[in-house]
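See below for the structure under consideration.
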Amino acid sequence: MILKKTIIIYLLSLTTFAFAQNKEVNKLLEKVNQAPTAEVKKELIEELKDKLASENKKAQQEADAIIKAKKKIPQKLYKQNTLSK
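All letters in the sequence shown, in the order written, are residues -20 to -1, 1 to 65 by mature numbering (1 follows the signal peptide of the UniProt record, and there is no 0).
In structure tokens:
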């Protein structure tokens, strides 16, 4: 029960954090679209690529951690009578 609550809280915080990062990417994308010159656009695109690469790496690491944690959770529920013996 405690493990389930912990996993749920972790996933909710993860999604909240992911949406916050998405706003930063959207701001950069808007700056690229509103850039006055091609040179400025090129710099902003490079910054956007770096930001997306770092976010993708973080998301991949978090997904791997979730998969590892899920493998540790037993697939079958324990029966109460076997635990009490």
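Idealized CB from N, CA, C, for every residue including glycine. Nothing here was measured: the structure is a model prediction, and the numbers come from that model.
Backbone CA spacing between residue i and residue j [nearest angstrom]
i: GLN14; j: GLU26; result: 15 angstroms
i: ASP30; j: ASN36; result: 10 angstroms
i: LYS38; j: GLU19; result: 29 angstroms
Simplified DSSP assignment, three categories, for residue i
i: ILE53; result: coil
i: residue 108; result: For the chain, the structure presents residues -20 to 65; residue 108 sits outside this window and is missing.
Among the options, the one whose alpha carbon lies nearest that of residue i
i: TYR(-11); options: GLU10, GLN55, LYS56 and ALA49; result: ALA49
i: residue 78; options: LYS22, LEU32, GLN41 and LYS(-16); result: Absent from the model: residue 78. The displayed extent of the chain is -20 to 65, so no value can be given.
Residue i and residue j closer than 8 angstroms at C-beta
i: LYS7; j: LEU24; result: no
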